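Only one structure is covered here, and it is reproduced in the block below.
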Ligand SMILES: Cc1ncc(C[n+]2csc(CCOP(=O)(O)OP(=O)(O)O)c2C)c(N)n1
Ligand SMILES: [Mg+2]
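Residue numbers (the numbering used here): 897 to 1173.
Put into structure tokens, the structure is as follows:
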């Protein structure tokens, strides 16, 4: 039976701050899952999710999909394990910028290399929000927090440059306030065969409004296909803080982890799930 958006509501008490972009993202995710369910004839049990620890991790509490609530930084290996256990599942993960680009950055690099058919959504608010506002790898140099009252001393990581340089199969950035476009990109990512990664502009109302400032400089890229060089140039526009391109940056079809399942034959005895499909 296909999913209705109301099936995805858990009824858990919402503890995100009023006005947090996470609310918009949650609605967009519900709509995208419903659309994918209808288009592909999938049931709720055909989806699996993983979430990290942080404000973003509360997606696990508010989205009525089965899965694993993880250790901080370990969303991607859990998703990969889920996919190995049952390759027919539609796997979606939710991580923070701290979670994915700091503690979990090695998994981010290797997930691109393994290319499992799954979707990673990174709530990039440029701050460790749940632990009250320390700098993450995407915080700007000079960013002030309780932990760094004189300002953060290191330059920021550009995660899209990292992803594209690493030939990630599908790379996008969305702003949940552009609701329709966000749903569209989430749907395309879930239907994409390979590792799809979406960085989400997520202003933190309490600890970092940097994203709000950048938002004024955002524009939507209608064109989706471009060479790796052009995609890297688009991703680099953020470095100057003058422009913030949104949309799909890069798409590269390549062999997926499932295509190589025979090479995982050592798992045969322990993991029948892989070989049942
Ligand atoms: C292994 C481990 N390291 C650190 C923490 C502490 N911790 C919990 S939430 C959090 C912040 C998460 O920040 P981010 O991933 O950016 O998510 P946000 O709250 O901003 O959505 C941290 C550092 C933890 N729980 N586990
Ligand atoms: Mg964060």
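Heads up, the beta-carbon is just placed ideally off N, CA and C, and yes, glycines get one too. Source: prediction; values computed, not measured.
Problem set entry | Range of the contiguous beta strand (DSSP E) that encloses residue 915 | Taken as a continuous stretch (DSSP letters only), residue 915 belongs to no beta strand (DSSP E), as it is neither H nor E.
For this session: Would you kindly work out how many angstroms separate the C-alpha atoms of residue 906 and residue 960, rounded to a whole number?
Result: Between the C-alpha atoms of residue 906 and residue 960 there is a straight-line separation of about 5 angstroms.
Exercise. Assuming residue 928 and residue 1072 make a contact with CB atoms under 8 angstroms, what is their CB distance in whole Å?
Worked result: Taking C-beta atoms under 8 angstroms as the contact rule, residue 928 and residue 1072 fail to qualify, at a distance of about 11 angstroms.
For this session: From the DSSP output, in three-state form, read off residue 1051 for me.
Result: Secondary structure of residue 1051 (DSSP, three-state): coil.
Exercise. Where residue 1081 and residue 1040 are concerned, what is the direct C-alpha to C-alpha distance, given to the nearest angstrom?
Worked result: Approximately 33 angstroms between the Cα atoms of the pair.
Exercise. If you count every other CB in all the chains shown that lies within 10 Å of the CB of residue 984, and 16 or more means buried, which is it?
Worked result: Per the 10 Å Cβ criterion, exposed.
Exercise. Which two residues bound the contiguous beta strand (DSSP E) that contains residue 968?
Worked result: Unbroken run through residue 968: none, as it is neither H nor E.
For this session: Compute the Euclidean distance between the alpha carbons of residue 1084 and residue 926, then round it to the nearest angstrom.
Result: The C-alpha of residue 1084 lies about 14 angstroms from the C-alpha of residue 926.
Exercise. Taking 7 angstroms as the CB-CB cut-off, is residue 902 touching chain D?
Worked result: Of the protein chains in this structure there is only one, and it is not chain D.
For this session: Can you grab the Cα-Cα spacing for the pair residue 1131 / residue 1094, in whole Å?
Result: Going by C-alpha positions, residue 1131 is about 13 angstroms away from residue 1094.
Exercise. Closest to residue 1050 by CA distance: which of 1043, 1056 and 1035 is it?
Worked result: Nearest option by C-alpha distance: 1035.
Exercise. With respect to 6 angstroms, is the separation between the Cβ of residue 1026 and the closest non-hydrogen atom of ligand 1 below this value?
Worked result: Remark: the shortest separation between the CB of residue 1026 and any heavy atom of ligand 1 falls under 6 angstroms.
For this session: Check whether the Cβ of residue 895 sits closer than 6 angstroms to any heavy atom of ligand 2, and report yes or no.
Result: Past the boundaries of the shown model lies residue 895; the chain is included only from 897 to 1173, so the question cannot be answered.
Problem set entry | residue 925, DSSP secondary structure in three states | Secondary structure at residue 925: helix, using DSSP grouped into helix, strand and coil.
For this session: Would you check if the distance between the CB atom of residue 1005 and the CB atom of residue 1146 is smaller than 7 angstroms?
Result: Result no, Cβ atoms of residue 1005 and residue 1146 do not sit closer than 7 angstroms.
Exercise. How big is the Cα-Cα spacing for residue 1123 and residue 1152?
Worked result: Approximately 20 angstroms between the Cα atoms of the pair.
Exercise. Do residue 1048 and residue 1098 come within 7 angstroms of each other at the CB atom, strictly closer than that value?
Worked result: Not a contact, by the Cβ cut-off of 7 angstroms.
Exercise. If we count Cβ pairs, one from each stretch, closer than 8 angstroms, do we get three or more for the region 952 to 967 versus the region 991 to 1008?
Worked result: Yes: at least three Cβ pairs fall under 8 angstroms.
For this session: Can you give me the Cβ contacts of residue 922 inside the same chain, cut-off strictly under 6 angstroms, excluding the 5 residues immediately before and after it?
Result: If you ignore the 5 residues before and after residue 922, its C-beta comes within less than 6 angstroms of the C-beta of 958, all in its own chain and listed in chain order.
Problem set entry | Opposing strand residues paired with residue 1144 [DSSP bridges] | As computed with DSSP, residue 1144 is found in a beta bridge with 1068.
For this session: With a cut-off of 8 angstroms on the beta carbons, I'd call residue 944 and residue 963 a contact; round off their distance for me.
Result: Indeed they touch by this definition, with Cβ atoms about 5 angstroms apart.
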